[in-house]
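Chains as they are written, first to last, in this note's numbering: chain A, 1 to 209; chain B, 1001 to 1209.
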DNA sequence: TCTGCTATATTGTCTAACAATCGTTGGCCA
DNA sequence: TGGCCAACGATTGTTAGACAATATAGCAGA
């Protein structure tokens, strides 16, 4: 979370964020302050606050005097997002003293998942970063992950790879951490993320290319 | 800049930010919304907006129902800030196709400066990141640099090193970029930032230890 | 002295309203 | 018929004032 906000805008923020990531609001949809205020039964300033927070995280874009719009992420965005994510997550796993329990939980949940496992994949990576000691690295990661989720939703990439394949790559990262080899952990993380990126890119080409 | 805000909160944000970085507001000072609104002659919501943006950047901290306070950065903060800064700036210089003109400008200004050159140093590093193509890497860097400026102000570290010494290290980084050696550029950047970190740390020990 | 209550200060949120600005639609003119 | 300009509607930007919720501090009592 980027900032500790008050409870009401926080709730609206959460809800809106889900609607955007779920593709309930398609890319390009414009989201006005009044509409949000009406939908959630709050005053416009409160809705405005939630929207501005989503803009800060990159899940919405807006310009002066125009309503916020759900961004359409293109190939360049995917490359930028995943490359930066690799930088941050490599630094994170290299700084991990041990495997965080939350990461193990997400890992097992992913391997056991029957349907869509994208959320478990995200949770695994978030847990790796959360388990590492630097709060600012975690903040920067959060700044990327919102758009990453949006991106995965937009490319309909839930099943580009099997849970077993993803799980095996995760297992390798965990093993390197446990073995006390941060360099190897970082390398595997970099490869894992680059693989996801390329898979998303080829899928996007098929859909929009 | 983290987000494109409207003009009035933007102006207040800029002014407040300067006052905080300048140490006009000492660490620990509490800044109320009303006080800001009064000082700048705007309504409280407008002041609130500026304050919340500074909180997002880490230049102020606040909890629910309490006024924002200027944070007192300790040794752990310095380490965290500079280590993460090294991660980001290394990635930035490694991605630089050539030396940005703004970086050259700041570099020359630093070498020619007679008094305090901290601003030129900051400008140089900002220019390096701004010259690199990824907007999200730049955003993450901006998230760190606010606190970095605050940190430098709090440790009264304007003259821990001569302009000539800093300039020489910068020159080395520029040379590596020009030579098309991103690995070397990243290494020199990492060393340069680690040096700054250690000097700030020892200075802080003298003052507060 | 320590505990508990009260009072004040501050933020959280709402309603209502006006100003500024952007996009669009319609009409007017060539 | 087609292009330019103006007015309109929609939306955001900003303000004012008000009330509720909460934290801090100071005071009173045991």
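Note that the Cβ used here is the ideal one computed from N, Cα and C, for glycine as well.
If I follow the unbroken alpha helix (DSSP H) through residue 1025 of chain B, where does it start and stop? Walking along the second chain from the start, residue 1025 of chain B turns up at place 25. Per DSSP, residue 1025 of chain B belongs to no alpha helix (DSSP H) and is neither H nor E.
Query raised in the report: Does the beta-carbon distance from residue 99 of chain A to residue 177 of chain A come in below 8 Å?
Result: Residue numbering aside, residue 99 of chain A sits at position 99 when the first chain is read from its first letter. Residue numbering aside, residue 177 of chain A sits at position 177 when the first chain is read from its first letter. In this structure, residue 177 of chain A lies closer than 8 Å to residue 99 of chain A by Cβ.
ask   = Does residue 64 of chain A get closer than 8 Å to chain B when you measure Cβ to Cβ?
value = What you label residue 64 of chain A is simply residue 64 of the first chain in a count that begins at 1. Residue 64 of chain A counts as touching chain B.
- prompt: So what does DSSP say about residue 1068 of chain B, is it helix, strand or coil?
  reply: Residue mapping note: residue 1068 of chain B aligns to position 68 of the second chain, counting from 1. Three-state result, residue 1068 of chain B: strand.
Exercise. Could you name the residues of chain A that residue 1081 of chain B contacts, counting a contact when the two beta carbons are closer than 8 Å?
Key: For the purposes of this step, residue 1081 of chain B is identified with residue 81 of the second chain, where counting begins at 1. Result: 136.
Could you name the residues of the stretch 136–156 of chain A whose beta carbon sits closer than 7 Å to any beta carbon of chain B, in the order they occur along the chain? 136, 137, 139, 140, 143, 144
Per DSSP, which one or two residues make a beta bridge with residue 30 of chain A?
-> Position 30 of the first chain, counted from the first residue, corresponds to residue 30 of chain A. DSSP output for residue 30 of chain A lists A/69 as bridge partner(s).
Complete runs of the alpha helix (DSSP H) confined to the stretch 140–194 of chain A [at least 4 residues]:
163–178
Within its chain, find whatever has a CB closer than 8 Å to the CB of residue 1113 of chain B; leave out the 5 residues flanking it on each side and keep chain order.
Sequence index remark: in the second chain, residue 1113 of chain B carries index 113 (1-based). Counting only Cβ-Cβ distances below 8 Å, and skipping sequence neighbours, we find 1120, 1163.
Taking only beta carbons into account, state which residues of the stretch 1019–1030 of chain B come closer than 7 Å to chain A, listed in chain order.
none
- request: Please list, in chain order, all residues of the same chain as residue 1204 of chain B whose beta carbon is under 7 Å from its beta carbon, the five residues on each side excluded.
  value: Stepping through the second chain from its first residue, residue 1204 of chain B is reached at position 204. Excluding positions up to five away in sequence, the list reads 1075, 1078, 1155.
Exercise for review: Check the C-beta distance from residue 12 of chain A over to residue 56 of chain A and give it rounded, since I have them as a contact under 8 Å.
Suggested key: Walking along the first chain from the start, residue 12 of chain A turns up at place 12. Walking along the first chain from the start, residue 56 of chain A turns up at place 56. Not confirmed; about 15 Å, so no contact.
Compare the C-beta of residue 91 of chain A with all C-beta atoms of chain B and state if any pair is closer than 8 Å. Your numbering for residue 91 of chain A matches position 91 in the first chain. So yes, residue 91 of chain A belongs to the interface.
Practice prompt. Using a cut-off of 9 Å between C-beta atoms, extract the partners of residue 182 of chain A located in chain B.
Written response: Taking the first residue of the first chain as 1, we reach residue 182 of chain A at position 182. Per Cβ cutoff of 9 Å: no residues; residue 182 of chain A is ~13 Å from chain B at best.
- Item | residue 1132 of chain B classed as buried or exposed, judged by whether at least 16 other C-beta atoms fall within 10 angstroms | Numbered from its first residue, the second chain carries residue 1132 of chain B at position 132. Flag for residue 1132 of chain B reads buried.
Residue 1010 of chain B versus residue 1018 of chain B: straight-line alpha-carbon distance, rounded = Counting from one through the second chain, the residue named residue 1010 of chain B turns up at place 10. Counting from one through the second chain, the residue named residue 1018 of chain B turns up at place 18. Spanning the two alpha carbons is a distance of roughly 12 Å.
Label residue 145 of chain A either buried or exposed according to how many other C-beta atoms from any shown protein chain fall within 10 Å of its C-beta, with 16 as the threshold for buried.
Residue 145 of chain A sits at position 145 when you count from the first residue of the first chain. Buried is the call here.
### Message
Based on DSSP bridge pairs, tell me the residues matched to residue 61 of chain A.
### Response
Counting from 1 along the first chain, the entry for residue 61 of chain A is found at position 61. BP columns for residue 61 of chain A point to A/69.
Nonlocal neighbours in the same chain, by C-beta distance under 7 Å from residue 193 of chain A, ignoring five residues either side
By one-based count along the first chain, residue 193 of chain A stands at place 193. If we look at residue 193 of chain A and ignore the five residues flanking it on each side, its Cβ neighbours are 82, 85, 86, 89.
Going by DSSP in three states, residue 1079 of chain B sits in which element: helix, strand or coil? In the second chain, residue 1079 of chain B corresponds to position 79, counting from 1. Three-state result, residue 1079 of chain B: helix.
Checklist line | DSSP-derived helix/strand/coil call for residue 202 of chain A | finding: Residue numbering aside, residue 202 of chain A sits at position 202 when the first chain is read from its first letter. In the structure shown, residue 202 of chain A sits in a helix (DSSP, three-state: H, G or I).
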